[in-house]
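Start counting the sequence shown at 1; every next residue gets the next number (full-length UniProt numbering). The C-beta atom is built at its ideal place from N, Cα and C for all residues, glycine as well. The structure appears right after this line, and notes come after that.
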Amino acid sequence: MRPSEEMHRIRLSIPSQKLINKTALFNSLKRAFQLYQSIWKIHFTQFHNLLEMKKVLLASLFLVISSLGFAQQKQYVILMKESFESPLGKGRMENSNRERMEKDNSPARAQKLQKVQAFADQKGVKSIPGRQFVDAMVGFVAELTEGEALTLMESPEVEGVFPDFKMQTRPRMQTRPRMQGESVTGEDFYDPAIKASCAVGLMGGPQDNSGKKEVIWIVDSGIDAKHPDLNVTKSNRLATSFVLEETNPFEDLAGHGTHCAGLAAGTGRGNPGVRGMSAGAELIPVKVLDRNGEGTWSQLLMALDHIEKFGRTGDVVLMSLGEYGIQGCSDSNPALIGAIQDLASKGLFIVMSAGNDSGESSQNLPGCIEGPNIFTVGSYDFDCSGFTGFSATGNLGTPAVDFVAPGENVFSAYPGARYMVASGTSMSAALVAGLIHSLGTVPNSLRQESHQGITYSFAGR
Numbered sequence: 001m002r003p004s005e006e007m008h009r010i011r012l013s014i015p016s017q018k019l020i021n022k023t024a025l026f027n028s029l030k031r032a033f034q035l036y037q038s039i040w041k042i043h044f045t046q047f048h049n050l051l052e053m054k055k056v057l058l059a060s061l062f063l064v065i066s067s068l069g070f071a072q073q074k075q076y077v078i079l080m081k082e083s084f085e086s087p088l089g090k091g092r093m094e095n096s097n098r099e100r101m102e103k104d105n106s107p108a109r110a111q112k113l114q115k116v117q118a119f120a121d122q123k124g125v126k127s128i129p130g131r132q133f134v135d136a137m138v139g140f141v142a143e144l145t146e147g148e149a150l151t152l153m154e155s156p157e158v159e160g161v162f163p164d165f166k167m168q169t170r171p172r173m174q175t176r177p178r179m180q181g182e183s184v185t186g187e188d189f190y191d192p193a194i195k196a197s198c199a200v201g202l203m204g205g206p207q208d209n210s211g212k213k214e215v216i217w218i219v220d221s222g223i224d225a226k227h228p229d230l231n232v233t234k235s236n237r238l239a240t241s242f243v244l245e246e247t248n249p250f251e252d253l254a255g256h257g258t259h260c261a262g263l264a265a266g267t268g269r270g271n272p273g274v275r276g277m278s279a280g281a282e283l284i285p286v287k288v289l290d291r292n293g294e295g296t297w298s299q300l301l302m303a304l305d306h307i308e309k310f311g312r313t314g315d316v317v318l319m320s321l322g323e324y325g326i327q328g329c330s331d332s333n334p335a336l337i338g339a340i341q342d343l344a345s346k347g348l349f350i351v352m353s354a355g356n357d358s359g360e361s362s363q364n365l366p367g368c369i370e371g372p373n374i375f376t377v378g379s380y381d382f383d384c385s386g387f388t389g390f391s392a393t394g395n396l397g398t399p400a401v402d403f404v405a406p407g408e409n410v411f412s413a414y415p416g417a418r419y420m421v422a423s424g425t426s427m428s429a430a431l432v433a434g435l436i437h438s439l440g441t442v443p444n445s446l447r448q449e450s451h452q453g454i455t456y457s458f459a460g461r
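This is how it looks when you write it as C-alpha cells:
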C-alpha cells in the first residue's frame, strides 16, 4: 500500500460526527498514531529525501489537530432548578444602605456559590471564574463541547443549558464629537433655554433629581465618569465591568453608555451642557459592551445578577442593547427573562430599547420581554417644534413597544468632555428611563398616534 492510500484510510477512521466524547476521541487518536507509526516503519526506506518525509509528518499532524475540532468547546449558560438551590434574592436580608445589604447577604451568597461550584466540579465541568450567579437566578457559565452540554441537560438538577451568543448596540452616529465651548447649530436640535436636546423639552423638560436616593443603572459600554455633565457614583462596588478586556466601568471606549447617561440624567454643568429628564440623578455604570459595542448574553445576565445584590425599589435599569431576529423571543432565554422579571417584581423599573432593524420589536431580545414595571421604547423623528414622523429604522409593533420617544438626531454627552448627536431607539429608551426615574412611576401619555394600524403612546410628564 502506498503512503498516500494509508493516510486516506487514517482520515476516514476518525469519527466524522459533530459530537464526540473524550473516550471516542482518545481511541481515534490512538489508532491514528499507531497507523502513523506503521507508516514510518514500513515505508521508511521508500523516503528518498528529507523534504518528502517532512510533508508526510506535517500531513499527519494536521489530521490529528483537525480531529480535535470535533470536540471544540463553546460558551454556555447553565441554569439550575430551584429545587437544587433557590436564588438569594428570594429571601435576602434588606437594608436601606446598598453596600451594607450586599455585605449582610455575603455569607449566604458564598454558600450558594460553593454549591454551584461543587456541582460543576462533580460533573467535570470547568466553570469560568467569576461567572457564577446566585442572586437573581442560580447557575454558571462554562466552556463545553456539545456533547458535554447534552450530558448536563440530562442532569435532574439542571433547568437548561443555553448557548451564549453576542449582543450589541447599533446607534446611528450623525455628527463628529463637539468639544467643550464649541457652538451648537440648528441641526443639533438643541434648546439653550433648558440646556438640553429639544427631545427633552418635548417630553416635558428636565427636572432636578440630584437628591433622590433611587439611582439609574446604565447597563451599557460604561460611562465617562469625568464628564462634567454626569453625576456618576464613586463606588467601585456598585459600578462594575463584566468585559474582561475592559475592566474599568468609569471609562467608555464606545461612547454609547455616556450618551445615554446624558439623556437620562445630564446635569447641564458643561459648556454648552446637557440636562437629562432626571437631571443630576446618580448614575451607576455596569459595563457589558466593549469598545465595539459588542458583548454576550452571559455578561448581561451577570450584570442583572449584580444589580440584584444592590438594587432597591424605585431604581431604574436601562438596557439600550440587544439582538434582533430571535424567533419565539419572549420565551427564548429563560435565565435572562427570569432575571429581568425578578428585578421588576422587587419594584425596579426596567427600560429597554426596541432596536433599530426596521422590523418587529417582538423579535428583539431583551426588548421583547414583558411584564409589570418592564418597558420597551420605540422611536420617532422630531425637530424643536415637535413630532415629524415615526422612525424609518426603529423597530415597532405590538405588544412589545410600550411607549415611543424622540430618537433621531439627539444631542447628548460624549466621552472626553465632549458632545455628539446620535440616533436610535437607544436614545429614546434613555429619555424614558430618566423620565420614569423623575416621576417615580409609569410615564404619562402626552398623545397617541397610529402607524400601520397600531396606536402608540408618546411618553412624557
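Nearest by alpha-carbon distance to residue 511: which of Arg237, Glu214, Ala110, Val141 is it? Outside the shown range of the chain (1 to 461) lies residue 511, about which nothing can therefore be said.
Glu251 to Met93 span [Cα, whole Å]: 32 angstroms
For Gly91, which option in Ala136, Asp164, Ser423 has the closest C-alpha, if you only look at C-alpha atoms? Ala136
Quick one: what's got a C-beta closer than 6 angstroms to Ile65's C-beta in the same chain, skipping five residues either side? Reliability of the predicted coordinates at Ile65 is poor, the pLDDT of 46 falling under 50, and the value obtained from them is presented with this limitation in mind. Once the five neighbours on either side are set aside, Ile65 has no close Cβ partner at all.
Exposure label - Asp121; buried when at least 16 CB within 10 Å: exposed
Using 8 angstroms as the threshold, is the C-beta distance between Ala354 and Ala400 below it? For Ala354 and Ala400, yes; Cβs fall inside 8 angstroms.
With DSSP as the reference, label Lys346 as helix, strand or coil. Looking at Lys346 - three-state DSSP - the assignment turns out to be coil, as it is neither helix nor strand.
Under 8 angstroms between the Cβ atoms of Ile218 and Gly257? Their beta carbons are under 8 angstroms apart, which means Ile218 touches Gly257 by this criterion.
Can you say whether Leu244 is buried or exposed, counting buried as having 16 or more other CB atoms within 10 angstroms of its CB? exposed
Considering only the alpha carbon of each residue, which of Glu157, Gly222, Arg312 lies closest to Glu102? Arg312
Considering only residues of the region 391-415, which uninterrupted beta strand (DSSP E) runs meet the minimum length of 3 residues and lie entirely inside it, listed in chain order? 403-406, 410-414
Reduced DSSP category for Met80 - H, G, I as helix; E, B as strand; rest coil: strand
Report buried or exposed for Leu289, applying the criterion of at least 16 other Cβ atoms within 10 angstroms of its Cβ. With 16 or more Cβ atoms within 10 Å of its Cβ, Leu289 is classed as buried.
Run through DSSP, which three-state label would Gly147 get? helix
Close beta carbons around Val161, own chain, < 7 angstroms, minus the five adjacent residues each side: Closer than 7 angstroms at Cβ, skipping near neighbours: Tyr76, Ile78, Ala149, Leu152, Met153.
So, are the CB atoms of Asp342 and Phe375 less than 8 angstroms apart? no
Buried or exposed by the 16-neighbour rule on C-beta atoms within 10 Å, applied to Asn292: exposed
Among Gly130, Gln117, Met203, nearest to Val404 - alpha-carbon criterion: Answer by Cα proximity: Met203.
Using DSSP bridges, identify the partner residues of His451. Ile454
Phe310 - containing alpha helix (DSSP H), residue span: 297-310
Would you kindly work out how many angstroms separate the C-alpha atoms of Pro443 and Val116, rounded to a whole number? 40 angstroms
Please classify Asn444: does DSSP put it in a helix, a strand, or coil? strand
If you draw a straight line from the C-alpha of Glu157 to the C-alpha of Gly460, how long is it? 46 angstroms
Pick from Ser221, Gly453, Met179, Glu449: whose alpha carbon is nearest that of Gly322? Ser221
DSSP on Arg100, reduced to helix/strand/coil? helix
To which residues does DSSP link Pro285 through a beta bridge? Ile218
Whose CA, out of Lys226, Leu348, Phe84, Ser332, lies closest to the CA of Gln111? When each option's Cα is compared against that of Gln111, the closest is Phe84.
Can you give, in chain order, each stretch of the alpha helix (DSSP H) that sits fully within the region 223-271 and has at least 4 residues? Here the runs fully enclosed are 256-265.
By the 10 Å Cβ neighbour count, where 16 or more other Cβ atoms means buried, how is Ser345 classified, buried or exposed? By the beta-carbon neighbour count (other beta carbons within 10 angstroms, threshold 16), Ser345 is exposed.
Going by the C-beta, is Gly91 closer than 7 angstroms to any heavy atom of the ligand SAM? As far as ligands go, the structure on display features none, and thus does not contain the ligand SAM.
Helix, strand or coil: how does DSSP classify Phe119 here? It is helical.
Considering just the uninterrupted stretch of the alpha helix (DSSP H) at Val158, what are its terminal residues? First-last for Val158: 158-163, but that is the beta strand (DSSP E), not the alpha helix (DSSP H).
Across the region 321-340 and the region 367-383, are there enough close Cβ pairs to call them in contact, namely three or more that are closer than 8 angstroms? yes
So which of Ala118, Pro249, Gly386, Ala429 has the shortest CA-CA distance to Asn236? Pro249
Note down the Cα distance separating Leu431 from Gly367, rounded to an integer number of angstroms. 16 angstroms
Let me confirm a value: Gly440 is counted as buried when at least 16 other C-beta atoms fall within 10 Å, else exposed. Which label applies? exposed
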